[in-house]
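*Asks:* Supplied in C-alpha cells, the structure appears directly below.
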Amino acid sequence: MSYQPKWVDDDVKFLVKAILSLKNEEEVLRFLEDICTINEIKELSQRFKVAKMLYEGKSYEEIEKETGASSATISRVKKFLYYGADGYKTILDRLIKKEG
61 MSYQPKWVDD
71 DVKFLVKAIL
81 SLKNEEEVLR
91 FLEDICTINE
101 IKELSQRFKV
111 AKMLYEGKSY
121 EEIEKETGAS
131 SATISRVKKF
141 LYYGADGYKT
151 ILDRLIKKEG
C-alpha cells in the first residue's frame, strides 16, 4: 500500500482487507448491516450522494432539497471532493464511466 494516512493502524488495515474480500452486493450489504448502525449507513450514503451531485455540478440548493443534507455537510463533502485524498473522485469516475 503506497498511500497510507497517519491514522492507519493494523486494525484499519484489517478492515480494509475485510472490505476488499467482499465478492458481491449482498455480501457488502450484510457486512455494512453488521458493522454499522442503520443511521451510520444512511449518513455515509447521503454523503456519497452529495459528492455525486457536487461532481455533477449541482447547486447547494438542489442538493439540500434532494438529499436533506445541511449546507455544512455539503461544504464538508465538497472540501474532501476537491481537496481530499481523491477517494470520492476515484470511485465516481469509475461509476460514471460504467453508467455512460
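Residue 61 is where the sequence shown starts when you use our numbering, and the numbers rise one by one after that. C-beta atoms are modelled at their ideal positions from N, C-alpha and C, and glycine is treated no differently.
When the Cα of Arg-136 is compared with those of Lys-77, Tyr-120 and Leu-82, which residue comes out closest?
*Replies:* In the sequence shown, residue 136 corresponds to position 76, counting from 1. It is Tyr-120 whose Cα lies nearest to the Cα of Arg-136.
*Asks:* Within the same chain, show all residues whose beta-carbon is closer than 6 Å to that of Lys-138, passing over the 5 residues directly before and after it, in chain order.
*Replies:* Here the question's residue 138 lines up with position 78 in the sequence shown. Excluding positions up to five away in sequence, the list reads Leu-114.
*Asks:* Are Phe-74 and Leu-82 closer than 8 Å when you measure CB to CB?
*Replies:* Within the sequence shown, numbered from 1, the residue matching residue 74 stands at position 14. Within the sequence shown, numbered from 1, the residue matching residue 82 stands at position 22. Going by C-beta atoms, Phe-74 is not nearer than 8 Å to Leu-82.
*Asks:* With 16 as the cutoff for other CB atoms within 10 Å, does Leu-155 come out buried or exposed?
*Replies:* Translated into the one-based positions of the sequence shown, residue 155 becomes position 95. With fewer than 16 Cβ atoms within 10 Å of its Cβ, Leu-155 is classed as exposed.
*Asks:* Does DSSP classify Asn-99 as helix, strand or coil?
*Replies:* For the purposes of this step, residue 99 is taken as residue 39 along the sequence shown, with counting starting at 1. In the structure shown, Asn-99 sits in a helix (DSSP, three-state: H, G or I).
*Asks:* Distance check for Glu-93 and Ile-101, CA to CA, integer angstroms please.
*Replies:* Here the question's residue 101 lines up with position 41 in the sequence shown. Here the question's residue 93 lines up with position 33 in the sequence shown. For Ile-101 and Glu-93, the distance between alpha carbons rounds to 8 Å.
*Asks:* Taking the CB atoms as reference points, tell me whether Ile-123 and Ala-129 lie closer together than 8 Å.
*Replies:* In the sequence shown, counting from the first residue as 1, residue 123 sits at position 63. In the sequence shown, counting from the first residue as 1, residue 129 sits at position 69. Yes, they are a contact pair.
*Asks:* How many whole angstroms separate the CB atoms of Tyr-148 and Ala-111, which I take to be in contact at a CB cut-off of 8 Å?
*Replies:* In the sequence shown, the residue the question calls residue 148 occupies position 88. In the sequence shown, the residue the question calls residue 111 occupies position 51. Right, their Cβ atoms sit about 4 Å apart.
*Asks:* Compute every distance between the C-beta of Ala-111 and the non-hydrogen atoms of the ligand ATP, then say whether any falls below 7 Å.
*Replies:* With respect to the ligand ATP, the structure shown offers nothing to examine, as it has no ligands at all.
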